[in-house]
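The letter at position 70 of the sequence shown is residue 78 when you use my numbering, and the numbering goes up by one with no holes. Down below is the structure, laid out as structure tokens.
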Amino acid sequence: MPVFYDCTTAPSPRRARIVLAEKGIAHEVRQIDLASGEQLSDAYRAINPACTVPALVLDDGAVLTDNAGIAAWAEAVQGEPPLLGTTPLEKAQVASWNSKIEGECFMAIAEVLRNKARGMVDRALPGPNNYAQIPELAERGRARLTHFLDRFEQHMTGRDWVAIDSFSLADITAGVALDFAGWVKVDVNEGRPGIAAWRAKLAQRPSFAI
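So, in structure tokens, the structure goes:
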């Protein structure tokens, strides 16, 4: 049975956790305490030298250390329900939106948090190396997030799902990202009825409650 290295308080492993739940893939869970720095321990470095979560250790010992790899593996071993699209165009649309949300939304929020939070002094980037905070990046990240939300509201107006006509990986990535925005005190629903309606649908899915 695959072993999933998780941290229930962090957004990145939550994305993989939702994928595994939607696919119904059985796995063992081991928690990594990011707050105490367990991801930097020798024991965890032996599993994932990048010192990040999530990580998924497969039955043959192979280790997947990012959301993209875990999602691709899950789609390949358990095709239903499809999360990456079923036609060439759908696959392209899901991949495009997933990339856009990671770069324009997730990273913008991370810029704010990691360059401003007191608990992340000298930990402005995840991984094995320490990097100093740059306050100007926090300001830029907040502006980037606001601009993304304005564009995303326009996109979601009148739509049920982010990328295609059914729930997909893009919805998982966007849903987790917009929840993450609460960490930097941004109410993504305020003045954005399209986003609010879509998030209400996500909240009804059991996978989003785990």
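For glycine and all other residues, C-beta sits at the position ideal for the given N, C-alpha and C. A quick note: this is a predicted structure, and the numbers were derived from the prediction, not measured.
Looking at the backbone, the Cα of S20 and that of I142 are separated by about 22 Å.
By the criterion of at least three beta-carbon pairs nearer than 8 Å, the region 148–157 is in contact with the region 113–120.
DSSP, read as helix, strand or coil, puts F12 in strand. In this structure, the beta-carbon distance from V71 to E36 does not fall below 7 Å. Note on the region 11–78: whole alpha helix (DSSP H) runs with a minimum of 4 residues are 19–31 and 50–53, in chain order.
Under the three-state reduction of DSSP output, R213 falls in the coil class, being neither helix nor strand.
Contact annotation: S215 and E30 have beta-carbon atoms nearer than 7 Å. The C-beta of A208 has fewer than 16 other C-beta atoms within 10 Å across all chains shown, which makes the residue exposed. Between K99 and L92 a beta carbon distance of about 6 Å is seen, short of the 8 Å cut, so the two are scored as contacting. A217 is the residue among A217, A63 and T95 whose C-alpha sits nearest the C-alpha of G183.
Beta-bridge partners assigned by DSSP to R131: Y139. P62 sits away from A103, with the two beta carbons spaced by 7 Å or more. Sorting I26, A185, L153 and W191 by C-alpha distance to the C-alpha of A125 places W191 at the top. Secondary structure of V120 (DSSP, three-state): helix. In the three-state reduction of the DSSP assignment, E198 falls in the coil class. By the CB criterion at 7 Å, A58 and T73 fall inside the cutoff.
DSSP places G111 within a helical segment (H, G or I) once states are collapsed to three. Per DSSP, the continuous alpha helix (DSSP H) segment holding G183 begins and ends at L177 to F188.
Taking 7 Å as the cut-off, the beta carbon of A189 is found no closer than this to the beta carbon of A178. Between A18 and L42 a beta carbon distance of about 6 Å is seen, short of the 8 Å cut, so the two are scored as contacting.
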